[in-house]
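Protein chains: 4
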Amino acid sequence: MLVVMKKDATQEQIDHVIEAIGRLGLSAHPIPGAQRTAIGITGNKGSLDRNILESLDGVLEAIPVSKPFKQVSREWRQDDTVVDVAGVKIGGPHLVLIGGPCAVESLEQVRAVARAVKAAGGHLLRGGAFKPRTSPYSFQGLGEEGLRILAQVRDEVGLPVVTEALDPDGVGLVETYADMIQIGARNMQNFSLLKRAGKSRLPVLLKRGMSATIDELLLAAEYVVSEGNPNVVLCERGVRTFANHTRNTLDLSAIPAVKGVSHLPIIADPSHGTGRREKVLPMARASIAAGADGLIVEVHHQPERALSDGHQAIYPDMFADLVEQIRRLAPVVDRDMHPPVEVPAAG
Amino acid sequence: MLVVMKKDATQEQIDHVIEAIGRLGLSAHPIPGAQRTAIGITGNKGSLDRNILESLDGVLEAIPVSKPFKQVSREWRQDDTVVDVAGVKIGGPHLVLIGGPCAVESLEQVRAVARAVKAAGGHLLRGGAFKPRTSPYSFQGLGEEGLRILAQVRDEVGLPVVTEALDPDGVGLVETYADMIQIGARNMQNFSLLKRAGKSRLPVLLKRGMSATIDELLLAAEYVVSEGNPNVVLCERGVRTFANHTRNTLDLSAIPAVKGVSHLPIIADPSHGTGRREKVLPMARASIAAGADGLIVEVHHQPERALSDGHQAIYPDMFADLVEQIRRLAPVVDRDMHPPVEVPAAG
Amino acid sequence: MLVVMKKDATQEQIDHVIEAIGRLGLSAHPIPGAQRTAIGITGNKGSLDRNILESLDGVLEAIPVSKPFKQVSREWRQDDTVVDVAGVKIGGPHLVLIGGPCAVESLEQVRAVARAVKAAGGHLLRGGAFKPRTSPYSFQGLGEEGLRILAQVRDEVGLPVVTEALDPDGVGLVETYADMIQIGARNMQNFSLLKRAGKSRLPVLLKRGMSATIDELLLAAEYVVSEGNPNVVLCERGVRTFANHTRNTLDLSAIPAVKGVSHLPIIADPSHGTGRREKVLPMARASIAAGADGLIVEVHHQPERALSDGHQAIYPDMFADLVEQIRRLAPVVDRDMHPPVEVPAAG
Amino acid sequence: MLVVMKKDATQEQIDHVIEAIGRLGLSAHPIPGAQRTAIGITGNKGSLDRNILESLDGVLEAIPVSKPFKQVSREWRQDDTVVDVAGVKIGGPHLVLIGGPCAVESLEQVRAVARAVKAAGGHLLRGGAFKPRTSPYSFQGLGEEGLRILAQVRDEVGLPVVTEALDPDGVGLVETYADMIQIGARNMQNFSLLKRAGKSRLPVLLKRGMSATIDELLLAAEYVVSEGNPNVVLCERGVRTFANHTRNTLDLSAIPAVKGVSHLPIIADPSHGTGRREKVLPMARASIAAGADGLIVEVHHQPERALSDGHQAIYPDMFADLVEQIRRLAPVVDRDMHPPVEVPAAG
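Chains as they are written, first to last, in the working numbering: chain A, 1 to 347; chain B, 1 to 347; chain C, 1 to 347; chain D, 1 to 347.
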């Protein structure tokens with residue numbers, strides 16, 4: 001923390017600030033300048049509130065210097081974390097592709113999409129049983145019945161399943177049926193949910209909130225990790241801006257930014273990130289080119305009949321095309337495609 | 001819904017869209033133009049997804065025409081809703097002022113602040129027992145002990161209490177001790193929490209999310225109302241923008257905008273809305289001048305010792321000054337100050 | 001400037017940074033901390049680029065401490081600047097109201113609107129002869145003919161005129177016919193235009209850019225002032241955000257923010273700031289309540305026939321109502337209404 | 001345009017709107033619905049202001065249906081425009097790389113950087129002689145002397161030159177010395193400058209404004225094209241959002257969005273788009289993967305000594321690495337690298 005004094009701060013005010021810092025058990029390092037005095041603080045462990053200092057007379061500003069997150073930081077752990085989802089390893093040398101419908105609608109639907117995803121070379125199946133919908137009058141998902149469908153299709157097709165939980169109780173249900181817990185953008189700062197996910201044995205897919213900074217995303221991950229669950233995969237899915245040509249603005253620079261300060265893997269969601277089917281493929285390529293560890297993509301065999309977000313779901317043949325393009329792109333970023341999943345398909 | 005066809009759409013494609021609309025049980029009204037054809041749709045009840053139409057060949061865009069919210073809309077109910085919080089009426093002719101600390105820290109602290117708020121002419125006491133904090137290492141609130149403190153101070157001082165719940169279980173606890181449930185900005189789309197609050201007998205204070213549109217705020221309120229709880233007060237507390245001179249950008253035009261389309265009351269939070277003590281007073285005045293039904297303000301008797309957000313809390317004498325200024329401002333907007341609360345103070 | 005070293009920076013790297021600072025003619029003040037070393041810099045006069053320091057090995061970040069603007073800062077001049085526009089004083093104890101059409105369309109139109117503005121108690125006449133239009137196919141203004149109309153109406157009605165210049169040549173034309181040069185939001189960083197306005201004898205009304213920070217707005221004003229023209233009035237007119245219920249998001253906290261760091265007057269534009277007629281009045285009140293020195297409002301006697309932005313222009317009777325409400329509001333912010341202009345009306 | 005009537009609009013109001021549409025020389029197509037009436041309008045040529053309709057009694061909203069730009073639209077011209085810059089063809093099958101310093105500082109500097117750019121495989125040389133700087137106290141560029149240096153280095157090294165003009169007079173100077181006129185983000189809506197560039201024989205590189213929508217970018221291009229200059233290359237260079245991990249948020253989805261609605265080429269600027277050297281390479285790759293026709297990148301042989309923006313300039317060896325990676329990436333997007341420029345190097 002650096003305390004910047006006002007130009008007209010008196011020596012008495014400066015001394016008072018130095019004393020206050022001392023009372024907090026910290027060390028003050030005054031830097032008298034031609035125009036004003038600044039005071040460096042050392043000895044704090046990240047929990048010092050700016051306000052305590054900014055409330056003192058003569059103080060212009062207190063500027064934090066250390067980053068607030070710890071266990072998720074690259075300084076805490078140098079090597080990349082690799083998260084294992086039922087055998088699929090996210091964050092290592094292999095790129096991972098997650099595909100599936102926005103919402104679970106029926107066994108037939110999930111089965112058809114899952115087979116297409118598997119056939120095209122996808123590694124994980126996505127699909128929502130609990131849907132966070134802006135309107136209470138929109139389809140809210142099939143609930144536990146949807147989870148059962150996902151579990152059945154996983155056994156039949158042989159793809160591990162990632163699906164969203166909306167509240168602490170939902171985490172328990174997802175643990176019963178699936179392989180990875182998704183926490184959606186709207187819940188990125190639902191701290192009760194994060195803490196519950198931090199006590200789970202399942203890995204967590206944590207999506208960036210619509211107006212979350214990178215620091216806030218990493219602190220949300222820190223909630224999960226600090227509860228004992230180190231297996232967090234981050235996901236860039238677009239932020240909210242004035243731009244109106246896409247549903248959200250996919251902020252791909254978040255990928256190298258996260259890679260620089262954290263050891264956690266990060267994937268991208270070009271479906272929600274754009275909200276438009278025809279932009280999924282170019283933004284999927286761009287995500288991998290920017291350094292993403294994988295992609296999560298909405299796929300639907302009949303998007304025009306989808307009960308939610310059908311306009312951003314791609315057709316199975318577009319997904320196959322996407323997989324092929326990512327395969328060609330992988331060597332440019334010194335990666336390759338994750339080998340096929342070896343989960344024994346019961347069906 | 002209006003479907004706009006591409007310029008080069010064929011008659012066959014247009015006919016196909018008209019047919020599809022018919023299959024959905026709706027009526028199609030083609031409008032052939034010089035440049036392109038548009039097709040109006042009537043008969044839908046707000047649940048039609050654009051994607052079903054945008055997926056059809058030859059369609060450029062489907063433009064929604066109706067607003068998606070219902071029971072909270074001004075069209076559903078013409079007269080302003082007045083929400084009664086233990087005798088304090090929000091949304092009627094009287095302006096209501098809510099004051100108190102960001103977080104409950106101790107009995108002494110809450111008591112000191114509550115007495116100051118009451119003495120100055122405030123109507124409700126705020127204070128968080130469960131705190132949504134960006135970092136897991138920040139003070140998370142006293143929990144149920146904090147609720148007990150609030151209840152004791154309410155009885156002593158005679159101010160009804162509004163306090164935040166972070167999850168469905170928390171709503172039950174807040175019901176036990178307080179008079180109004182606050183749902184914070186980060187939880188505006190925590191739909192499990194909204195549904196639980198919709199089943200409560202207590203009124204709800206619902207804060208706008210950091211990147212929520214007015215439609216999304218009203219749909220979040222619709223979640224509460226559609227579960228059976230009509231007593232929702234909205235709160236503008238600032239949105240996230242590029243502007244860096246305040247913590248958030250207080251979007252006061254949301255107030256007349258909400259008043260235009262909804263019958264629900266709306267108050268403003270100039271403390272979170274600015275994040276800076278010295279801007280609270282001007283923005284409090286501006287909020288009332290824009291038409292707000294009241295204010296929620298952070299007050300602390302020793303903000304430099306506050307465990308959270310002290311730099312935005314105002315001193316008791318500043319709160320007294322604020323109440324006085326609002327009292328003078330009220331007639332300009334054809335309002336007056338809510339009379340003193342008559343809750344019998346047990347202490 | 002404060003240089004923050006990486007945690008693993010070597011002593012050699014630290015020494016190298018200290019040396020580099022010395023070579024720049026500045027003083028280095030190392031602050032060794034438990035986790036990392038920071039180095040304070042004194043002696044610089046605001047022109048030091050961060051990049052020179054951030055390029056050095058071992059440096060994590062260079063954090064600027066001083067504000068970059070000078071002559072417009074409150075530290076440069078303690079007292080509020082009062083700008084005199086042909087006898088109308090903006091920034092002193094009196095509130096100033098500017099009204100008029102978006103664009104000059106005809107002598108009859110400007111005359112009708114100006115008479116209404118004058119009769120209602122307005123102080124200055126606005127109206128664009130050169131219009132910055134998003135589309136090249138929209139009405140671009142009457143040009144010099146429009147300026148002549150404004151000058152004639154000023155003489156007839158007795159209101160000084162503020163009108164926009166779009167380029168350096170336009171400033172010369174505005175100087176010939178009007179009393180104050182407006183620089184629009186789109187041109188806030190048109191530095192050739194700012195420099196030319198800085199050489200003018202007329203005062204300047206400088207609007208905040210759609211995505212400009214307060215620092216950038218003040219630096220744009222600094223361009224004008226540093227060329228020799230101290231008479232700059234700033235204007236908050238809304239910024240661009242995700243919010244879609246208004247055309248722009250009026251950021252009223254900019255008003256106390258500017259007042260805190262600068263001595264320049266600042267007014268608000270609730271017409272462009274909202275883009276909707278029915279929101280002009282509440283946001284006009286809110287602007288004054290937030291501390292604005294005045295307002296600039298679009299008024300049209302026949303807005304449904306306006307050639308540009310008619311949906312945000314208010315009717316003459318709404319303007320009269322606005323003036324009356326501002327008059328009642330003024331004492332709450334310790335102001336009063338500027339006395340009527342005494343420019344002799346030639347007509 | 002579609003006019004949506006209020007629910008409670010009377011038949012008289014509806015008839016009045018239909019009449020008004022007729023008086024404008026347009027055709028009205030009423031669509032009576034269960035809840036409200038909408039009225040489609042045909043016959044307009046893009047110049048109809050919404051406000052004329054929204055001002056009428058009983059009207060809720062007027063929704064534009066047609067896009068406002070014309071000559072730059074894909075509907076106007078199906079095939080991609082290829083812009084020829086002294087033999088370098090932007091927008092065809094070949095990817096084009098533009099490199100050079102932010103600002104021209106000296107002959108030695110430009111020569112050193114240009115040789116490195118040429119040697120690495122770059123096609124065009126960038127460098128600013130007129131610099132738009134936020135502060136009037138920052139280095140403003142060498143002016144015409146800088147243009148002379150660029151021209152000399154072009155002859156010596158054999159790379160055509162793109163450089164920025166800040167005002168109409170500057171366009172004349174750039175025409176004398178360079179091969180392509182850059183219009184910067186801050187001037188995207190400097191309409192005097194756009195019109196002057198539209199009269200030039202040189203191609204134009206038009207950067208997206210910091211808060212410009214795609215429609216506004218295309219309308220800015222329409223200003224140039226409608227004055228007679230069809231040779232416009234667009235450039236995505238980042239927009240302003242709340243995100244603070246980069247200087248701007250590079251909005252790569254703008255690339256497929258522009259490609260969908262316009263025939264103009266579009267390149268990306270990962271230097272300004274991120275503002276951080278270490279993010280230039282990943283975002284350069286991502287830009288090409290998203291479909292960009294080329295890149296403009298800041299390169300400096302001694303960025304720590306750069307007079308502006310040195311922290312985002314990459315070193316010559318990083319540029320060589322970038323060229324190599326783009327070369328490998330090109331086939332994935334069905335492109336190849338533009339062949340070396342054959343401008344005879346005089347030096």
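Built from N, CA and C at the ideal position, the CB exists for glycine as well.
For clarity, every value in this text was computed on a predicted model and none was experimentally measured.
- Close to chain D, meaning a Cβ-Cβ distance shorter than 8 Å, are the following residues of the region 258-290 of chain A: Gly260, Gly273, Thr274, Glu278, Lys279, Pro282, Met283, Arg285, Ala286, Ser287, Ile288, Ala289 and Ala290.
- Boundaries of the alpha helix (DSSP H) around His272(B): Pro270 to Thr274.
- Here DSSP, grouped into helix, strand and coil, assigns Met5(A) to strand.
- Think of a sphere of 8 Å around the beta carbon of Phe139(C): no beta carbon from chain A falls inside it, the nearest being about 24 Å out.
- For Thr176(B), the enclosing alpha helix (DSSP H) begins and ends at Pro168 to Tyr177.
- Contact residues of the region 21-41 of chain A toward chain B are absent (C-beta to C-beta distance below 7 Å).
- Cβ-Cβ separation between Lys207(B) and Arg237(B): approximately 5 Å, consistent with a contact (criterion under 8 Å).
- Flagged as an interface residue toward chain A: Gly310(B), by a C-beta distance shorter than 7 Å.
- In this chain, Ala243(B) is not harboured by any beta strand (DSSP E), its DSSP state being neither H nor E.
- Separation of Arg328(C) and Arg247(C) (C-alpha to C-alpha, rounded to the nearest whole angstrom) is 28 Å.
- Your pair Ile266(D) and Ile296(D) does not check out as a contact, with CB atoms roughly 11 Å apart and the cut at 8 Å.
- In this structure, the straight-line span from the alpha carbon of His272(A) to that of Ala28(A) is close to 48 Å.
- As for any alpha helix (DSSP H) of minimum length 4 sitting wholly inside the region 203-256 of chain B, the runs are 214-226, ordered along the chain.
- By a beta-carbon distance limit of 8 Å, Ile63(A) contacts Leu2(A). Their separation comes to about 5 Å.
- Residues of chain A with a Cβ closer than 8 Å to the Cβ of Leu2(C) are, in chain order, Leu2, Ala38, Gly40, Ile63 and Val65.
- Here the alpha carbon of Asn190(A) sits roughly 11 Å from the alpha carbon of Phe191(B).
- Taken through DSSP and simplified to helix, strand or coil, Ser27(D) comes out as strand.
- A Cβ-Cβ distance of about 6 Å is found for the pair Val110(D) and Val104(D), placing them in contact under the 8 Å criterion.
- Looking at the DSSP output, Gln182(C) sits in a beta bridge with Glu164(C) and Leu205(C).
- With respect to the 7 Å criterion, Gly87(B) and Asp80(B) are not classified as neighbours on the basis of their beta carbons.
- Inter-residue distance for Val204(B) and Ala254(B) is about 19 Å (C-alpha atoms, whole angstroms).
- By the neighbour-count criterion, in which a residue is buried when 16 or more other Cβ atoms sit within 10 angstroms of its Cβ, Arg335(D) is buried.
- In summary, no residue of the region 315-340 of chain B has a CB separated from any CB of chain A by less than 9 Å.
- Contact check for Val261(A) and Gln71(A): beta-carbon distance about 13 Å, past the 8 Å limit, so the pair fails to qualify.
- When Cβ pairs closer than 8 Å are counted between the two stretches, the region 8-22 of chain D is seen to touch the region 31-42 of chain D, the count reaching three or more.
- With respect to the 7 Å criterion, His301(A) and Ala313(A) are not classified as neighbours on the basis of their beta carbons.
- Gly122(D) is the residue among Ala289(D), Ala129(D) and Gly122(D) whose C-alpha sits nearest the C-alpha of Asp321(D).
- Here DSSP, grouped into helix, strand and coil, assigns Val72(A) to coil.
- The DSSP-derived three-state label of Glu298(D) is strand.
- Nearest Cα to Met5(D) within the set Thr37(D), Leu24(D) and Ile18(D): Thr37(D).
- When the five nearest sequence neighbours on each side are left out, the beta carbons in the same chain lying within less than 8 Å of the beta carbon of Leu166(B) are those of Phe130, Pro132, Gly184, Asn187 and Leu193, in order along the chain.
- DSSP, read as helix, strand or coil, puts Met188(D) in coil.
- Scanning chain D for C-beta atoms nearer than 7 Å to the C-beta of Ser211(A) yields Phe242, reported in chain order.
- Between Lys207(A) and chain C, the shortest Cβ-Cβ separation is not below 7 Å.
- Of all alpha-carbon atoms in Gly128(B), Ile98(B) and Leu281(B), the one lying nearest the alpha-carbon of Ala306(B) is that of Gly128(B).
- Under a criterion of Cβ atoms nearer than 8 Å, the residues of chain A adjacent to Ala254(D) are, in order, Ala243 and His245.
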